[in-house]
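Written below as structure tokens is the structure these notes are about.
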Amino acid sequence: MMSRLIPKDTGEIYLDHNEVKTWKQSELSKKLSILKQTNGINLKITVRELVNFGRFPYSKGRLKKEDHEKVEEAMKNLGLLDLADQLIDTLSGGQLQRVYIAMVLAQDTDYILLDEPLNNLDMNFAVQMMQTLRRLVDEFGKTVVIVLHDINFAASYADEIVAMKDGRLFTNGTTDEIIQSEVLNELYDMNIRICEIEGKRFCMYFN
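The numbering used here runs 643 ahead of the 1-based position in the sequence shown.
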């Protein structure tokens, strides 16, 4: 609803003190970027060309030096420089997912919405991607909202967690408030043990 991809039923949604419906699309796309769970692009284009799409709100297809620098930086952060000139229809599912994420990062918005961005990613790339997003928050002041099913990634990288159950809001709070056995036991309807390693909490749910 914030991205205006689906209509809201009631109420108002504000972004930087302005109701979302009042934003011009050209300005909203410079403020908010989104990666949906499914992205179908059936074009014979390279990795670099797809990441270039992230700069469209600024360049309208005519990339300048700053646009190229943002694209290079995004590909570097996702480990894609070696694949930059490869056609996207030759990539694995995990590689293509990283390209889509790089496209969103190249858009360089204050707010980033990601729906299941870890899908198809090997563990090393999933960790690398989460570290990159964490750095965007810590060093560049971005606001990143991610839909995740892996509670341990949320425990490791999130500042706040909104927990959903049966399609409804179950609870929300800081990571330390949510990563508690009594909260998670009720959320998942199973016994979850909380362990702490180097100051970070982890969930153990294997018997």
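Note that beta-carbon positions come from the ideal geometry of N, C-alpha and C, so glycine has one too.
CB of residue 722 within 8 Å of CB of residue 771, strictly: A contact, by the Cβ cut-off of 8 Å.
Three or more C-beta pairs under 8 Å: does that hold for the region 725-735 against the region 686-694? Result yes; three or more Cβ-Cβ pairs closer than 8 Å.
Are there three or more Cβ pairs, one per stretch, closer than 8 Å when the region 745-762 is compared with the region 772-792? yes
With distances taken Cα to Cα, identify the nearest neighbour of residue 745 among 652, 663, 665, 676. 676
Give me the Cβ distance between residue 759 and residue 790, rounded to the nearest whole Å; I'm assuming they're in contact under 8 Å. 6 Å
Same chain only: Cβ atoms within 8 Å of residue 687, ignoring 5 sequence neighbours per side: 730, 732
Is residue 763 helix, strand or coil when you go by DSSP? In the structure shown, the three-state DSSP call for residue 763 is coil.
Residue from 814, 670, 740 whose Cα sits closest to the Cα of residue 702: 670
Would you list the residues sitting across from residue 722 in a DSSP beta bridge? In DSSP, residue 722 forms no bridge with anything.
Residue 746, enclosing alpha helix (DSSP H) - first and last residue: Start and end: 736-750.
Helix, strand or coil for residue 653, going by three-state DSSP, please let me know. coil
Within 10 angstroms of the Cβ of residue 679, are there 16 or more other Cβ atoms? Answer buried if so, exposed if not. exposed
Among 716, 649, 667, which has the Cα closest to the Cα of residue 700? Ranking the options by Cα distance to residue 700, first place goes to 667.
Proximity to residue 766 [Cα-Cα], best of 779, 776, 743, 796: 796
So what's residue 783 in DSSP terms, helix, strand or just coil? helix
Relative to the C-alpha of residue 851, which candidate in 719, 658, 809 has its C-alpha closest? The shown model of the chain, from 644 to 850, leaves out residue 851, and the question about it has no answer.
Cα-Cα, which of 830, 823, 822 is closest to residue 811? 830
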